[in-house]
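Chains as they are written, first to last, in our numbering: chain P, 54 to 391; chain A, 17 to 642. Note sheet for the following structure.
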């Protein structure tokens, strides 16, 4: 970290390219938040690499004055894995969407997470295909009317965070496009984590799926529909923090309870971000019976893929030494013809 | 075998004296579990050390452990060795080792009349005969009268040979292959020390097994020396071949390709990321490189073919050289990403070890049917260089060349090998890396005047600026880019210019590759046999033999398949006729006809087996008889 790093500002991370998302798109807010966060990370600009797939969100790298690679549909995690393998010193970001990461690229997302490649994966979830003009996506709610499902979709959606947890991701979080402070804090933690960080960002598409997250975003009502999980704190929500989440031990499931006094508060579940089973229950919470949980749902560091490979190589080098190609070619059975 | 009489046995059946032969084809065939590949490779080591030129052809089934005794579980290893230059694994078999009835019935067709068959009569039980569809025992019913038969109960020979070692009945029987190898070593006047050393190394942790195998080897050898063998079975001498002086080794295509990639990386002074997904017959390359982490090569077994090529592209973006490898079906999956590398103008090496297609096809057999896929099989206008190796040892130089082209032109390069080349082996005059010219990679460092669309004015290669370099922050991607700035551009004229530039860049490679030479013969004449890839051996032998017979025929073998060498059209126009043998239904011939408007004809074979010399020489004779 040299001094120059400290002097960088938002402007240093904004490219000269005109941003071309639709007016009102949630991507603007996310871009601004990340550009503002960059100087705070205290890392050289040239070490930041943004990799994206295909979709509205995947235009993101063009607007960052960093290294960037806009690749092909669904494959950003694989390209990013290659980048990290080639140069582990880089900070590698994956910008992806619900279709990109969970439909065409589901396999790569799953394997990047289970390998625990040190990537910061930001999944912009707007529950729709925007760039191809509004078809339903693997996260669209049942009944979503779209050009490809005129009578409403009948297949059930998947939960990005549940998939990430199931794939073995050691850092799983959920945040909201317009909540800049929350988003920045979560992303900053994810960046600091040495390993795969999976962050689902609920993002509004004003054209094809407008208002889909309104309950959790509208300041007037959001407190009733959104639970901000904080490690070590009881899981409470509601305007007056008058509701909480309790574990029903008989059913091994969560339930919402009213919090009237200290006794109620004491019975609530305390958020433990290192508890996988609890994280899975939180990730699965959805309306109308439950609030949506945001924040760091799970965070339990394990050793990362690329550094483990590096250690293996170092160990091997100690016994074998550095390779000499001429020695290799002459190894094994050889014979001389005079 | 002599050149003139390919179908007549070389081994004189009436002689009981030692005899000298120019060349011999031996085929070891047995159950998958009989250890035929180990037997063959040990015989190859000994033969190479002896100083013969040779070529081998391991031919094994797709099933990992087929039921014992079944015909589809037969595994074979063929070696052709001699005192002249050997470039194929041989047409017809002079000596067949058949470890059971299934091995006999599936391989008998390849044996020349009068050829020697060594059979383990101990394995010709009623059960095994039935599995091979024999109604009566061919060792006893006279059906093999056209051959010389050496029927030995190797089962009981082995059991008594290893009696003194406490290895158990099953392990004792497993030494059958070494007993047989001992006999064959005796037959060709070969020493046993190399194999003994190999065995002791292989079974270092199990000394009893090692000793039992060595004892079986010795017993087989002694059997040849002492037993009363039928007339016509005696020691044969195959004199050493005249080859250039120097240090030699045996090498198979997979090894040579792996080492060539490492060597190429060193010549370019760049780290390699080899990303691959297991597939037959390409996986060997992943294994070979995974075992070489003392070099600057990282291997990555991806979750699928697409992830493998994408990781390689990511590595190239980050300043390593990304390499991916597969066989035809896997290459098909990688195509979208290869086009991304064309568009982003990033280096990438794609190795296709071709196998029999379509779909799963014949995974363990060889074919050349992915040429058109390599040259044309992508979306959009996506030209890229395609090169092919001609033999196991040639893979080394072709791999270096693939690395050079990828880096110097910032382009994906497709390297075509095939199942035959990857498994076959041949002696190789070991090169000295100091004799190779380095082609160090040039990364951009200067921020002054930088943009990602800058090109080398001569090669038209795009600038390579790797992440981590201050001041060179930039974006690339699959969307069309402005020729001037590298930023996104939907401008119609710009797309035309970029498409033309990508084509001109690849076309320009023909100025930076060697001119096409004639492998054998003259640079004009009546007939040119034009080949590519692993057909080199049989074409070469056929042309050589036909020229010895006075026919006006020449051999041209093309390494650079796209773009073609700049003189190829002129060269081919100097022949009255052009014949193109290929292990496909006519792919190179289609390219030659469409590019050069010449009346080239195809000679095509898609049986999963390499061409026989005879098939090509017959075609030559037919062409010249017209």
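The C-beta atom is built at its ideal place from N, Cα and C for all residues, glycine as well. The model shown is predicted, which means the values in this text are computed figures rather than measured ones.
Have a look at residue 354 of chain A and residue 334 of chain P and give me their C-alpha separation to the nearest angstrom. 41 Å
List, in order along the chain, the chain P residues whose C-beta lies closer than 7 Å to that of residue 460 of chain A? Residues of chain P passing the Cβ test: none, with the nearest at roughly 12 Å.
Closest by CA to residue 431 of chain A, which one among A:187, A:274, A:256, A:119? A:274
Go through its chain and collect everything with a Cβ distance to residue 56 of chain P's Cβ below 8 Å, but skip five positions before and after it. A caution first: residue 56 of chain P carries a pLDDT of 41, below 50, which makes its placement in the model unreliable, though a value can still be read off. For residue 56 of chain P, where only same-chain residues beyond five positions count, there are no Cβ hits under 8 Å.
Whose Cβ in chain A lies nearer than 7 Å to the Cβ of residue 309 of chain P? Near residue 309 of chain P there are no residues of chain A at all, since even the closest Cβ is about 39 Å away, more than 7 Å.
Taking any Cβ of chain P, which residues in the segment 325-337 of chain A have a Cβ under 7 Å from it, in chain order? 326, 327, 328, 329, 330, 331, 333, 334, 335, 336
Note down, in chain order, each residue of its chain lying with its Cβ closer than 7 Å to the Cβ of residue 145 of chain A, except the 5 sequence neighbours on either side. 117, 153
So which of P:224, P:204, P:192 has the shortest CA-CA distance to residue 213 of chain P? P:192
For residue 299 of chain A and residue 323 of chain A, the rounded distance between their alpha carbons: 16 Å
Output the boundary residues of the alpha helix (DSSP H) element that contains residue 389 of chain P. First-last for residue 389 of chain P: 387-390, but that is the beta strand (DSSP E), not the alpha helix (DSSP H).
What does residue 69 of chain A pair with, by DSSP beta-bridge criteria? A:98
Buried versus exposed, by CB contacts within 10 Å (16 or more), residue 118 of chain P: buried
Any 3 or more C-beta pairs closer than 8 Å across the segment 334-351 of chain A and the segment 370-388 of chain A: yes
Kindly indicate which three-state DSSP category residue 293 of chain P falls into: helix, strand or coil? coil
Using only CA atoms, which one of A:465, A:544, A:231, A:452 lies nearest to residue 563 of chain A? A:544
Taking the straight line between their C-alpha atoms, what separation do you get for residue 114 of chain P and residue 350 of chain A? 24 Å
Does residue 651 of chain A come out as helix, strand or coil in the three-state DSSP assignment? For residue 651 of chain A there is no data in the structure shown, the boundaries of chain A being 17 and 642.
Using a 10 Å radius around the Cβ and a threshold of 16 neighbouring Cβ atoms, would you call residue 312 of chain P buried or exposed? buried
Let me make sure I understand the geometry here. Which of P:153, P:255, P:244 has the alpha-carbon closest to that of residue 179 of chain P? P:255
Considering only residues of the segment 162-212 of chain A, which uninterrupted beta strand (DSSP E) runs meet the minimum length of 3 residues and lie entirely inside it, listed in chain order? 164-168
Show which residues of chain P have a CB atom less than 8 Å away from the CB atom of residue 374 of chain A. The premise fails here: residue 374 of chain A is roughly 24 Å from chain P at the closest Cβ pair, so nothing lies under 8 Å.
Using a Cβ cut-off of 8 Å, pull out every chain P residue sitting near residue 264 of chain A, in sequence order please. 387, 388, 389, 390
Could you tell me the alpha carbon to alpha carbon distance between residue 386 of chain A and residue 435 of chain A, rounded to whole angstroms? 12 Å
Could you say if the segment 457-474 of chain A and the segment 386-399 of chain A meet the contact criterion of at least three C-beta pairs nearer than 8 Å? no
Taking buried to mean at least 16 other C-beta atoms within 10 Å of its own C-beta, is residue 256 of chain A buried or exposed? exposed
Own chain residues within Cβ distance below 6 Å of residue 145 of chain P, not counting five before or after: 102, 133, 136, 137, 172
At a Cβ cut of 9 Å, what residues of the segment 484-498 of chain A count as close to chain P, listed as they run along the chain? 484, 485, 486, 487, 488, 489, 490, 491, 492, 493, 494, 495
What are the residues that DSSP puts in a beta bridge with residue 392 of chain P? No answer is possible for residue 392 of chain P: it lies beyond the span of chain P, which begins at 54 and ends at 391.
Taking a contact to mean a Cβ-Cβ separation below 8 Å, would you say residue 473 of chain A touches residue 526 of chain A in this structure? no
Is there at least one Cβ from chain A nearer than 8 Å to residue 375 of chain P's Cβ? yes
Cα-Cα separation between residue 479 of chain A and residue 471 of chain A, rounded to whole angstroms: 6 Å
In chain order, what residues of the segment 108-142 of chain P put their CB closer than 7 Å to some CB of chain A? 114, 115, 118, 119, 120, 121, 122, 123, 124, 125, 128, 131, 132, 133, 134, 135, 136, 138, 139, 140, 142
DSSP on residue 607 of chain A, reduced to helix/strand/coil? helix
For residue 474 of chain A, which three-state DSSP category applies? coil
Look at the Cβ atom of residue 203 of chain A, then the Cβ atom of residue 251 of chain A, and state whether they are nearer than 8 Å. yes
Using only alpha-carbon positions, find the residue among A:44, A:317, A:449 that is nearest to residue 114 of chain A. A:44
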